[in-house]
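Below: the structure, in structure tokens.
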Amino acid sequence: MARTATALRNTPELPQAISSTSTWDDDTWRFDLTRPGVTDSSRTIDWTFELPDGSRFTDPGWAALRNTVKRLLWSLRTDPPAGKRRLGPGSLISDFNRIRVLVCWMVSEGYDSFSQLDADAAAGFMSEVKERPGRKGEALSLGTLAGYLLVLTRLYAQREKLDDGVPDDLQRFLEEYGPRFPRVLRQGRAFPYTPDAIATALIGGALRLIGTPADDVISLRDLAAVAYAYRLDGKPTPAREARARRMLDGFSFSTLPKEDSPWHAPVVQLKDIYALIERIYDACFVVIAWLVGARVSEILGLEAGCIERHVGPDGQQVTYLHGRIYKMATGDGGQPHRWIAPEPVVRAVDVLEQLSAPIRKKLGPSNLWMLTRDPILLRQPIGIPHTGAFGGRLNSSFRTMLDLPLHQGRPWHLNTHQGRKTFARFIGKRDRTGLHALQEHLGHVSRVMTDTAYVGTDFELAELINDEILKETRAALEDLLTASNLSGHAGRMIASRSPFRGRTQDGDLGEYIDFILKDSGMVLGVCDWGYCLYRREHSACQGDDHGPNAVLRTQSACARCANFAVSQRHRAVWQDRKVRNAQLLEHPALDGESRKLAQERILECDRILRGLDGENDGVR
Ligand code: SF4
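For the sequence shown, our numbering begins at 3 and goes up steadily by one.
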């Protein structure tokens, strides 16, 4: 194997300085990244890694290959492929980690330049990568494989800007392999959302913890700080320890409404209180991430006093969470941003302010996430945890405490980015039939974000939501066009005209839906008990240009609205409504007016259900 040390370094466009502390020739590149939650390793590229032949990548023999990798990364930062954005340091480091695997594979196969990386070599590399064990010995995820493919795609796209570019032949591989990873070119979209059942249990459990349990834990923390204060200036003695434990013995946790015993068993050891404090922090993190859609760095950058209340032009009060967006921001301090904050988020911030108060008092900064392993006596180092720490905690102690359900028989792996993706999905969801548990918290946010002209500066989040809306609209159209029977005015009209009625999904249907979406720009209105094919002029709830009127949008209004369609998916909602109203009628104390209302609702339900059974629902 020939190793050449061609001098590629002296071209004028290469920078001397990579950051305020690193230069081009340094063995490590340390980027100026000070956003909250970034560890030293996650802002550093270490070029000294070991290769399979025992050499180091910084050895002189690898100078040519090393400089090509450096050039590639730098070109992605300063001169990206046409139409692509410049990569930030975080993305460069992710790419470096994948390229390191590629370089190691090349060395083990006897390649010493990218010009040898043709279609066959790339196929060999991807086969090898596929065999690598992933987390806990499982197969690598599609997202991880897509990351490696993305690096090959970037090597190809930048080949003419490199002295040792990959051959044109690599395109053959990318054309064949790329379509198997449709998300590869849409970086960042590969993160899955949390499945509904897990998300509901996760958010429900977190909401429970930030209520009375959080107050209990804060009181316990304060009591323990007094009980164990002697440890700050004296050695523990059996007598002092016993007195401290006696003080804590008197503390009992609250019994929550509709529960018959305290929410937690008594604790007296400091380490058990530490764990409880951590779980409350975790709960606050989940509430903010899953109900606001902020990124982990944005959450970890929040400061005390970050809640703002404003009265909008329509007189409605809107509450905002005020913070900073670091991704894509020019400069390291991030760009100011306001997220719409539902009430639970306001509460989570209040809890964080109380939890962090002693640390903030001691140190001065206003950050809400200054944590220490000793949160009662504050003797250990204090800092903002790195982003990975939350992922680890959510999948261990927090998951155990909440007893999250399994997903397809296995624990669902949570990550901090899922909150954002799940939030976008909730907001974009047009058919919220199965999400009653979250509706209460997200309903207002959703209305402000999608029914009004709110845009904010988090354009990527707006794009994620739009993608979800389009996906939902497409799924709904498939359901509507292929259903054998539909109910509701619009449903009957579609069922009578659809050329796909009763058919399974096929290519023609996909093209037809593309045509409808492209031609009409149609978007479904949000409706929790059916589909709303929103046209303002036919809106029984008196909606406006932005969509249905959230106040007047009731099941009865929809049942008589020309925009309304119901499919089998919504049958349970109407059956439940019928049962509930029938039970109401059995109540002896029911007044006449309520009785009449219940009877009318039962008739509405019957009409909808008859339509779903293919019978005439008696409405013209
Ligand atoms: S009343 Fe009509 S327009 Fe309003 S949400 Fe229901 S179906 Fe849509």
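Ideal Cβ placement from N, Cα and C applies to all residues, glycine included.
- Query: DSSP beta-bridge partners for Gly527?
  - Reply: Note: Gly527 sits in a beta bridge opposite Cys534.
- Item | 6 Å CB neighbourhood of Gln382 in its chain, flanking five on each side removed | So the qualifying residues of the chain are Thr374, Arg375, Asp376.
- Query: Under a Cβ-count criterion, where at least 16 other Cβ atoms within 10 Å of its own Cβ denotes burial, should Ala277 be classed as buried or exposed?
  - Reply: Note on Ala277: under 16 other CB atoms within 10 angstroms of its CB, so exposed under the neighbour-count rule.
- Query: Just curious, the beta strand (DSSP E) that Gln322 is in, first and last residue?
  - Reply: A small fix is needed here, since residue 322 is Tyr in this sequence, not Gln. Secondary structure note for Tyr322: its beta strand (DSSP E) is the uninterrupted segment 319 to 327.
- Hey, is the segment 480 to 495 in contact with the segment 603 to 620, meaning 3+ C-beta pairs nearer than 8 Å? Judged by Cβ distances under 8 Å, the segment 480 to 495 makes contact with the segment 603 to 620, as three or more pairs qualify.
- Beta-bridge pairing of Trp31 - partner residues as DSSP gives them: Answer is Ile47.
- Message: Please output, in chain order, the residues near the ligand SF4 using a CB cut-off of less than 6 Å to any non-hydrogen atom of the ligand.
- Response: That gives Gly527, Cys529, Cys534, Tyr536, Ser541, Ala542, Cys543, Gly545, Pro550, Arg555, Ala559, Cys560, Cys563, Asn565, Phe566.
- Message: On the DSSP letters alone, give me the boundaries of the alpha helix (DSSP H) that Arg503 sits inside.
- Response: Going by DSSP, Arg503 is part of no alpha helix (DSSP H) at all; its letter is neither H nor E.
- Curious, which full-length alpha helix (DSSP H) runs of at least 4 residues does the segment 406 to 432 contain? Taken in chain order, the unbroken stretches of alpha helix (DSSP H) that lie wholly in the segment 406 to 432 and span 4 residues or more are 420 to 430.
- Determine the closest residue to Lys329 out of Pro501, Gln356, Gly317, Val298, with distance taken between C-alpha atoms. Checking every option, the nearest Cα to that of Lys329 belongs to Val298.
- Message: How far does the beta strand (DSSP E) with Pro338 in it extend, from its first residue to its last?
- Response: Start and end: 337 to 342.
- Asp42 and Thr30 closer than 8 Å at C-beta: No, the pair does not count as a contact, with Cβ atoms beyond the cut-off.
- Query: From Asp165 to Leu67, what does the alpha carbon distance come to, in whole angstroms?
  - Reply: Straight-line measurement puts the Cα of Leu67 at about 10 Å from the Cα of Asp165.
- Task: Indicate whether Gly393 and Asn369 have their beta-carbon atoms separated by less than 8 Å.
- Result: Their beta carbons are not under 8 Å apart, which means Gly393 does not touch Asn369 by this criterion.
- Run the CB neighbour count on Arg73, radius 10 Å, all protein chains shown included, and call it buried at 16 or more, exposed below. So Arg73 counts as buried.
- Task: Classify Phe400 as buried or exposed, calling it buried when 16 or more other Cβ atoms lie within 10 Å of its own Cβ.
- Result: When all chains shown are included, Phe400 counts as buried.
- Item | Exposure of Val186, with buried meaning 16 or more beta-carbon neighbours within 10 Å | Confidence at Val186 is low in this model, with a pLDDT of 45, below 50, so its placement is unreliable and the value that follows should be read with caution. By the 10 Å Cβ count, Val186 comes out buried.
- Query: Leaving out the 5 sequence neighbours to the left and right, which residues in its chain are closer than 7 Å to Gln18 when beta-carbon positions are compared?
  - Reply: Within the same chain, Cβ atoms closer than 7 Å to the Cβ of Gln18 are found at Thr25, Trp26, the five residues on either side in sequence being excluded.
- Query: What are the boundary residues of the alpha helix (DSSP H) that Glu111 is part of?
  - Reply: Per DSSP, Glu111 belongs to the alpha helix (DSSP H) from 91 to 111.
- Item | Whole-angstrom distance between Gln160 and Ala121, CA atom to CA atom | Between Ala121 and Gln160, the C-alpha separation is close to 16 Å.
- Message: Using C-beta distances below 8 Å, list every residue in its chain close to Thr23, excluding the 5 sequence neighbours before and after it, in chain order.
- Response: Contacts found: Arg32, Asp34.
- Task: Measuring alpha carbon to alpha carbon, tell me which of Gly303, Ile429, Ile290, Ile378 ends up nearest Lys364.
- Result: Closest option to Lys364, Cα to Cα, is Ile378.
- Query: Would you call His589 buried or exposed, if buried means 16 or more other Cβ atoms sit within 10 Å of its Cβ?
  - Reply: His589 is classed as exposed because its beta carbon has fewer than 16 other beta carbons within 10 Å across all chains shown.
- With DSSP run on the structure shown, which of helix, strand or coil describes Ala627? Outside the displayed span of the chain (3 to 622) sits residue 627, for which this structure offers no information.
- Query: Skipping 5 residues on each side, what residues in its chain have a beta carbon closer than 7 Å to that of Arg100?
  - Reply: Leaving aside the five residues that flank Arg100 on each side, the residues in its chain whose CB is nearer than 7 Å to its CB run, in chain order, Gly149, Tyr150, Val153.
- Message: Suppose the cutoff is 6 Å on Cβ atoms and the five residues either side in sequence are ignored; what does the same chain contact list for Arg395 look like?
- Response: Setting aside the 5 residues that flank it on each side, Arg395 is surrounded in the same chain by Asp284, each with a C-beta closer than 6 Å to its C-beta; the list follows chain order.
- Task: Whole angstroms is fine: what's the gap from Gly167's alpha carbon to Ser117's?
- Result: Those two C-alpha atoms are separated by around 6 Å.
- Task: Pick helix, strand or coil for Phe566, following the three-state DSSP scheme.
- Result: It is a strand residue.
- Message: Buried or exposed, going by whether 16 or more other CB atoms sit within 10 Å of the CB of Arg156?
- Response: Counting of Cβ neighbours within 10 angstroms places Arg156 among the buried residues, the total reaching 16 or more.
- Within 10 angstroms of the Cβ of Gly504, are there 16 or more other Cβ atoms? Answer buried if so, exposed if not. Residue environment analysis places Gly504 among the exposed positions, since fewer than 16 neighbouring C-beta atoms fall within 10 angstroms of its C-beta.
- From which residue to which residue does the alpha helix (DSSP H) around Ile604 run? In the DSSP assignment, Ile604 falls within the unbroken alpha helix (DSSP H) covering 594 to 614.
- Message: Going by beta-carbon coordinates alone, are Leu258 and Thr214 separated by less than 8 Å?
- Response: Inclusion of Leu258 and Thr214 in the CB contact set at 8 Å is warranted, their separation being smaller than that value.
- Item | Residue environment, Leu234, which counts as buried when at least 16 other CB atoms sit within 10 Å | Exposed: under 16 other Cβ atoms inside 10 Å.
- State buried or exposed for Pro268, treating a residue as buried only when at least 16 other CB atoms are found within 10 Å of its CB. Pro268 is exposed by the Cβ-count criterion.
- Task: Leaving aside the five residues before and after Arg427 along the sequence, list all residues of the same chain whose C-beta is less than 6 Å from its C-beta, in chain order.
- Result: The residues are Tyr195, Glu470.
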